[in-house]
Amino acid sequence: MEAVAGTANSAAISKRSAAAFGYVSDEFAGWFDRSSVKCAPIINRGTYVRVAAIDSICEQFAPARADAAGGEPAPPRQILSLGAGLDTRPWRMRRAGTSLSRYVEVDLPCVCERKRQLLLKKGGAPPRLPGLAEDGGAA
207 MEAVAGTANS AAISKRSAAA FGYVSDEFAG WFDRSSVKCA PIINRGTYVR
257 VAAIDSICEQ FAPARADAAG GEPAPPRQIL SLGAGLDTRP WRMRRAGTSL
307 SRYVEVDLPC VCERKRQLLL KKGGAPPRLP GLAEDGGAA
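The C-terminal position of the sequence shown is numbered 345 in the working numbering, with every residue numbered one higher than the one before it.
In structure tokens:
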């Protein structure tokens with residue numbers, strides 16, 4: 207299980223590197239990786255493709271409130287992210303003003319605990335999403 211859990215760290219490093227070099231826009235990428243590792247361009251491009259593909263699907267499913275068809279408000283949407291790792295997507299989607307009402311992340315307990323500890327260590331949790339209790343569990 208350690209090898210599987212380690213992919214969360216690898217993805218966080220790749221995401222922060224890709225953001226640092228302008229491949230992806232993610233102001234939250236530094237929350238979960240503070241290293242100075244610079245990934246090879248092929249890794250940054252792969253990260254861009256993965257992020258862009260998943261972002262596109264999420265944006266189609268939970269569009270920005272102002273982009274709802276016919277000018278009507280988009281219905282609230284929920285996303286269940288399996289194997290979420292150290293992803294920053296819920297905060298990026300909230301910042302973008304999507305019709306997201308709940309974002310539930312599921313992963314190995316050690317990965318969830320690491321994410322929780324990193325957020326606590328940051329000295330201030332990121333914007334709290336509806337449906338999330340203070341301890342990170344369901345409200």
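C-beta: ideal position from N, C-alpha, C; glycine also.
Whose CA, out of the options, lies closest to the CA of residue i?
i, options, result
"A268", "R320, F227 and P296", "P296"
"L324", "A209, V210, A214 and M207", "A214"
"S216", "I260, D239 and R322", "D239"
"I260", "W237, L286, P279 and E278", "L286"
"N250", "Q266, S262, S242 and A226", "A226"
"A246", "Y229, S262 and W237", "Y229"
"L288", "R271, M299 and V317", "V317"
"T346", "G212, A209, S220 and A270", "Any answer about residue 346 is impossible in this case: the structure gives the chain only from 207 up to 345."
"S242", "V255, R271 and S223", "S223"
"M299", "G252, A209, A270 and L326", "A270"
"P279", "G291, V312, G303 and A209", "G303"
"L326", "G212, W237 and V255", "W237"
"R301", "P281, L314, E265 and A211", "E265"
"L292", "G252, S262, K244 and P315", "P315"
Please classify residue i as buried or exposed, where buried requires at least 16 other C-beta atoms within 10 Å of its C-beta.
i, result
"K321", "buried"
"A218", "buried"
"M207", "exposed"
"A209", "exposed"
"A290", "buried"
"V312", "exposed"
"V257", "buried"
"A344", "Only weak support is given to the placement of A344: the predicted model assigns it a pLDDT of 43, under 50, and the value that follows is read from those uncertain coordinates. Burial call: exposed."
What residues match up with residue i in a beta bridge as DSSP calls it?
i, result
"Y254", "None; Y254 has no bridge partner."
"V312", "L288"
"R283", "L306"
Can you find a CB in chain B that lies within less than 9 Å of the CB of residue i?
i, result
"A218", "Absent from the structure: chain B. Only one protein chain is present."
Stretch pair the stretch 308 to 327 + the stretch 219 to 233: three plus CB contacts closer than 8 Å: no
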